[in-house]
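There are 4 protein chains.
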Amino acid sequence: MQSETRQRKKSWKQRLVLKSSLAKEMLSEFLGTFIMIVLGCGSVAQAVLSRGHFGGIVTIIIGFPMAVAMAIYVTGGVSGGHVNPAVSFAMCLFGRMKWVKFPFYVGAQLLGAFAGSAVLFGIYYDAFMSFAGGKLLIVGENATAHIFATYPAPYLSLANAFAEQVASTMFLIIVVFAIFDSRNLGVPRGLEPIAVGLLIAVLTSSLGMNSGNAMNPARDLGPRLFTALAGWGFEVFTAGNNFWWIPVVGPFVGAAIGGLIYVVFIEIHQPDPKADLEAEQPEDKPEKHELDAVM
Amino acid sequence: MQSETRQRKKSWKQRLVLKSSLAKEMLSEFLGTFIMIVLGCGSVAQAVLSRGHFGGIVTIIIGFPMAVAMAIYVTGGVSGGHVNPAVSFAMCLFGRMKWVKFPFYVGAQLLGAFAGSAVLFGIYYDAFMSFAGGKLLIVGENATAHIFATYPAPYLSLANAFAEQVASTMFLIIVVFAIFDSRNLGVPRGLEPIAVGLLIAVLTSSLGMNSGNAMNPARDLGPRLFTALAGWGFEVFTAGNNFWWIPVVGPFVGAAIGGLIYVVFIEIHQPDPKADLEAEQPEDKPEKHELDAVM
Amino acid sequence: MQSETRQRKKSWKQRLVLKSSLAKEMLSEFLGTFIMIVLGCGSVAQAVLSRGHFGGIVTIIIGFPMAVAMAIYVTGGVSGGHVNPAVSFAMCLFGRMKWVKFPFYVGAQLLGAFAGSAVLFGIYYDAFMSFAGGKLLIVGENATAHIFATYPAPYLSLANAFAEQVASTMFLIIVVFAIFDSRNLGVPRGLEPIAVGLLIAVLTSSLGMNSGNAMNPARDLGPRLFTALAGWGFEVFTAGNNFWWIPVVGPFVGAAIGGLIYVVFIEIHQPDPKADLEAEQPEDKPEKHELDAVM
Amino acid sequence: MQSETRQRKKSWKQRLVLKSSLAKEMLSEFLGTFIMIVLGCGSVAQAVLSRGHFGGIVTIIIGFPMAVAMAIYVTGGVSGGHVNPAVSFAMCLFGRMKWVKFPFYVGAQLLGAFAGSAVLFGIYYDAFMSFAGGKLLIVGENATAHIFATYPAPYLSLANAFAEQVASTMFLIIVVFAIFDSRNLGVPRGLEPIAVGLLIAVLTSSLGMNSGNAMNPARDLGPRLFTALAGWGFEVFTAGNNFWWIPVVGPFVGAAIGGLIYVVFIEIHQPDPKADLEAEQPEDKPEKHELDAVM
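Structural data, given as structure tokens:
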């Protein structure tokens, strides 16, 4: 009887198993970004909706970065745990991932971020309804839109905002490349997510004041789209002098610069143990597999 | 003389050694849940009883999750360090533990949580007596019942409360399954408790505002029963519109969904190194031993 | 020329090298306790002397435990990194260290704690002089004696204080034994100090409100003696109804109980890989070397 | 076509590859110190410029130390990740690095710190302009100079300030030597940066009140020079009774004392596994390569 149930379960499982590697990776990136948004934006939600009683800048600096770490633990072994189109972009640009996968990764990440926003809204539905008399506001002391997407500080010009998103993502990618570079110091396998989490904690406590430091187009655009549809209105796109495109475009520029800096300052000068081997191999093969395995 | 003492000690030890594997595991789960409650609820006690002078949301977000990590260090090698009936439930449901052990694990966890509450009450006895003139209250600014069990925020409906406990435990189990999945990225052996601690820190800082985010029937029911008997009265069960059953039932539902999501989204698509071997073996054997060792 | 200098340096070094293992270990325990007190009590000093501007309960919960971790990194490979007479006591009581070493360890720890207090006083001399008009006070809002030693909260009876020190040290030893138990889950070699640091962070955020949670006779008595001599006066011993002996005696009792609980609940039930070997060896040898190496 | 691009890219890379080991190391130290200043001083900037709304002592204690950790991850495998002239000094003084490299390391570190200050100023340009009506002040409640360099507390004498910088750097070097000493307990390879980060977190929360605890001549002098030129004026050098030289000279003295203490108290007493080997080798060779690899 029991063995029969198991048999049935097995075949049920077998029917679900994805043969396509890309499909698996999309599923993984969707789930990872989903987790990152629910738990990461959740830490902002708890601080905002409790008006500081159950959270604040410190809990956000613990909560959001470690939410990213947990997302990488769930997805790292399957899709590399990018959960960020700018990271996927850097991986493609520097030969760590095939370009053909790029749009699929980004699509899965955007969907995951959108779905995560919806679930977070559901988990805190009663809190949202009681926070400002049920009103979903973008500006003012009862604003809640910044739980989901980032908005600029009043003093910030668009030029400075753009420069900051470029610089922040640049630092993100420099250190991420270092963390996964086994010819550098390297982080022991299985602890990279925590190192990345600490990196994001640093970036959030250092460069987070201008505009919340998204550094991730999916993390910002997906939730912003959700708020536009869920009741905050399409002013989420026009707010802050049409700020919305800054955390979408800036991170791609920063990722390119950051990757280039790491390659030029550190990577190319390191002795390559496989240099002779590569010279003999066909041109298309030498992707960095150690790195690809986790990023 | 010294060697004689040792001999006597040895035979005293030998008489205590448990032959039954299940008895050992029950002892271990009892001790682990006991430690988790004294140190975890202790961090809430310090924040509440000092009226914020020696603790607050940040110390609780450090204290409670790391109390869970320490409980897993004490019990991980013997019973898997569940210290949570919802975790034991997920382990059984997904073939990582035998169902026959389930009621014994849950019993030991409930007893440990009850005993831990009593010891915590003893350690802070003078503080409790001086806090509200010796009164043990459930509601109001002098309430202390929420040191032990969780209570809902005023705005929270039962439906939202239940959905939140389901969702929180779902995320807990998804990431716990990932942390112990050696075919995914995986956490180095001996560091899983810290990764689980960080996971609970994230969940507490993100989804903790609605009702304190128990995610663990034993952690909530054991201490609630203690407060009912120790002087707070049986209103601890009727408070919050009979809230008490939400953190008891919700986590089991969430654990099932979370486990299913991890299996469907990630686990079944991974290449199984033992696939051929399993096909030849009898149906009852292939339990996941790597995972069982620590969870 | 250079090689000559090196030769001379070498012989200078050789003259300093200690042949006696015990002397090395005493030097190590002295240095470790010294570091722990300067940096650990230093975190309390920064919070108190800045009147909360540069520190508070959160920075103390980060600072003191991680000061212990750093002390263990410095001493772990030489003397086991006890930096605590109660830990040394538990090691002797449960056969992990020879009793003959015990008084030497305790002496070195006390001296290190006293010397550390003096250096800390020196580093913050100007701050002490400007804090309360140069007065060194034990009670009141300008008190600074609790920077060095622990004092009970006003509500606390001696009985409760003693029970708390016993319980706190009991939990300390239970988890420390688990952290270093390679037959349990175990912490990877070289990371035990951080796990112990996290453990102390938990204990400080959970059981720290009654009396500052010393859990260490040297950490409390050494600095208290220093304050008595340095200007606070011998009222540091009579304060709090002669509280001083509680954190001296309580930890020894707690260490014995904690070690016993770990042995009875966990250790003796685990399969012993060396069981057959031990049976054949002489009685005096089988000390636990894995544990001794770091504790 | 694609293979042709790659070929061109390769030769472009090959032209950039540095043959000189020292040049690589200078590039690495420059980049590391640059990252440390942007992200480390950035955490101070966020706390100061947001007037405490997005940062404070806790976020600085997380942000600055972990910025150092990230800098070490980027540079550790190439130049040892000193990012601090006092660390380079100790490495040379105790035979872990050749003296000839010392001035080059220090130069690269100073340049990196200066460049990092400029980039940080750019990232927060709008915030600086709006903070005090565009004025760049050194003293008063609108001061921003202490975002970059350290300044003494009002109560602090120069003698005490110097003693504190000596003592702080002494503790820094004692524990850094321990962290990288594979004959002591040792930190697993790839986790040293996090251990160093925790060490700096302890030092910042314990000894940070007197003058911000620079412990690093480059971290202090580079940014101070930048502020002098960028608009704060050369009063940044005369402020605090010409304080500027204290965090430049003090750390070198402290590094020498700290290294000596570690060697005399711990290192020379440890059994040397290569003792016999060294005796036969020429005098110039036996540098500690394990240590050099990361420091």
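Residue numbers (the UniProt record's numbering), protein chains in the order written: chain A, 1 to 295; chain B, 1 to 295; chain C, 1 to 295; chain D, 1 to 295.
Just so it is clear, CB atoms sit at the ideal spot from N, CA and C, and this is done for glycine as well.
These numbers were taken from a predicted model, which means no experiment stands behind them.
In whole angstroms, what separates the C-alpha of residue i from that of residue j?
{"i": "Ala149 of chain D", "j": "Pro85 of chain D", "result": "16 Å"}
{"i": "Asn216 of chain D", "j": "Phe131 of chain A", "result": "47 Å"}
{"i": "residue 305 of chain D", "j": "Val44 of chain C", "result": "Outside the modelled stretch of chain D, which goes from 1 to 295, sits residue 305 of chain D, for which no answer is possible."}
{"i": "Ser28 of chain B", "j": "Ile179 of chain C", "result": "15 Å"}
{"i": "Gly197 of chain C", "j": "Met129 of chain D", "result": "42 Å"}
{"i": "Asn210 of chain B", "j": "Ser50 of chain D", "result": "29 Å"}
{"i": "Leu158 of chain C", "j": "Ala127 of chain B", "result": "13 Å"}
{"i": "Asn184 of chain D", "j": "His146 of chain A", "result": "49 Å"}
{"i": "Val78 of chain D", "j": "Phe89 of chain D", "result": "18 Å"}
{"i": "Thr238 of chain A", "j": "Glu141 of chain A", "result": "19 Å"}
{"i": "Glu287 of chain A", "j": "Ile266 of chain A", "result": "Per-residue confidence for Glu287 of chain A stands at a pLDDT of 38, beneath the threshold of 50, marking its modelled position as unreliable; no derived number is given."}
{"i": "Val139 of chain A", "j": "Leu110 of chain A", "result": "25 Å"}
{"i": "Val38 of chain B", "j": "Gly80 of chain C", "result": "28 Å"}
{"i": "Glu235 of chain D", "j": "Leu120 of chain D", "result": "21 Å"}
{"i": "Lys101 of chain D", "j": "Gly190 of chain D", "result": "24 Å"}
{"i": "Val253 of chain A", "j": "Val166 of chain A", "result": "6 Å"}
{"i": "Ser21 of chain B", "j": "Pro251 of chain D", "result": "57 Å"}
{"i": "Leu229 of chain D", "j": "Arg96 of chain A", "result": "42 Å"}
{"i": "Leu203 of chain C", "j": "Pro154 of chain D", "result": "36 Å"}
Report all residues from its chain with a CB closer than 6 Å to the CB of residue i; omit the five preceding and five following residues, and keep chain order.
{"i": "Ile261 of chain C", "result": "Ile174"}
{"i": "residue 297 of chain B", "result": "The question about residue 297 of chain B has no answer, for chain B in this structure spans 1 to 295."}
{"i": "Ala214 of chain A", "result": "Thr150, Asp220 and Pro247"}
{"i": "Ala195 of chain C", "result": "Ile179 and Val187"}
{"i": "Glu164 of chain D", "result": "Asn210"}
{"i": "Leu199 of chain B", "result": "Val175"}
{"i": "Ala255 of chain D", "result": "Ala86, Phe89, Ala90, Thr169 and Ile173"}
{"i": "Ala108 of chain A", "result": "Met26, Glu29 and Phe30"}
{"i": "Pro65 of chain A", "result": "Gly197, Ile200 and Ala201"}
{"i": "Gly116 of chain B", "result": "Phe34, Ile37 and Val38"}
{"i": "Ile257 of chain A", "result": "Met170"}
{"i": "Gly42 of chain A", "result": "Leu120"}
{"i": "Gln46 of chain D", "result": "Phe54 and Gly55"}
I'd like to check one pair, residue j with residue i: are the Cβ atoms closer than 8 Å?
{"i": "Trp232 of chain D", "j": "Leu136 of chain D", "result": "yes"}
{"i": "Val83 of chain B", "j": "Ala71 of chain B", "result": "yes"}
{"i": "Ile62 of chain C", "j": "Ile61 of chain D", "result": "yes"}
{"i": "Gly226 of chain B", "j": "Ala143 of chain B", "result": "Strictly speaking, residue 226 of chain B in this sequence is Phe, with Gly absent from that position. Going by C-beta atoms, Phe226 of chain B is not nearer than 8 Å to Ala143 of chain B."}
{"i": "Gly40 of chain B", "j": "Ala67 of chain B", "result": "yes"}
{"i": "Gly240 of chain A", "j": "Pro152 of chain A", "result": "yes"}
{"i": "Gly259 of chain A", "j": "Phe94 of chain A", "result": "yes"}
Can you tell me which of the three DSSP states residue i falls into?
{"i": "Leu137 of chain A", "result": "strand"}
{"i": "Ala113 of chain B", "result": "helix"}
{"i": "Ala143 of chain D", "result": "strand"}
{"i": "Pro152 of chain D", "result": "coil"}
{"i": "Phe237 of chain B", "result": "helix"}
{"i": "Arg219 of chain D", "result": "helix"}
{"i": "Val187 of chain B", "result": "coil"}
{"i": "Leu207 of chain C", "result": "coil"}
{"i": "Tyr125 of chain B", "result": "helix"}
{"i": "Val294 of chain C", "result": "Since pLDDT at Val294 of chain C reaches only 37, below the 50 mark, its modelled position is unreliable, and the value read off the structure follows with that caveat. Note: Val294 of chain C maps to helix in three-state DSSP."}
{"i": "Gln165 of chain D", "result": "helix"}
What residues in its chain sit with their C-beta under 8 Å from that of residue i, if we drop five residues either side in the sequence?
{"i": "Ala218 of chain B", "result": "Thr33, Val83, Asn84, Pro85, Val106, Gln109, Leu110, Gly112 and Ala113"}
Enumerate in chain order the residues of its own chain whose CB-to-CB distance from residue i is below 7 Å, with the five nearest sequence positions on each side excluded.
{"i": "Ser206 of chain B", "result": "none"}
{"i": "Ala69 of chain B", "result": "Pro193, Ile194, Val196 and Gly197"}
{"i": "Tyr73 of chain B", "result": "Pro193"}
At 3 residues or longer, and completely inside the segment 20 to 107 of chain D: list those beta strand (DSSP E) runs for me, N to C.
Whole beta strand (DSSP E) segments, 3+ residues: zero.
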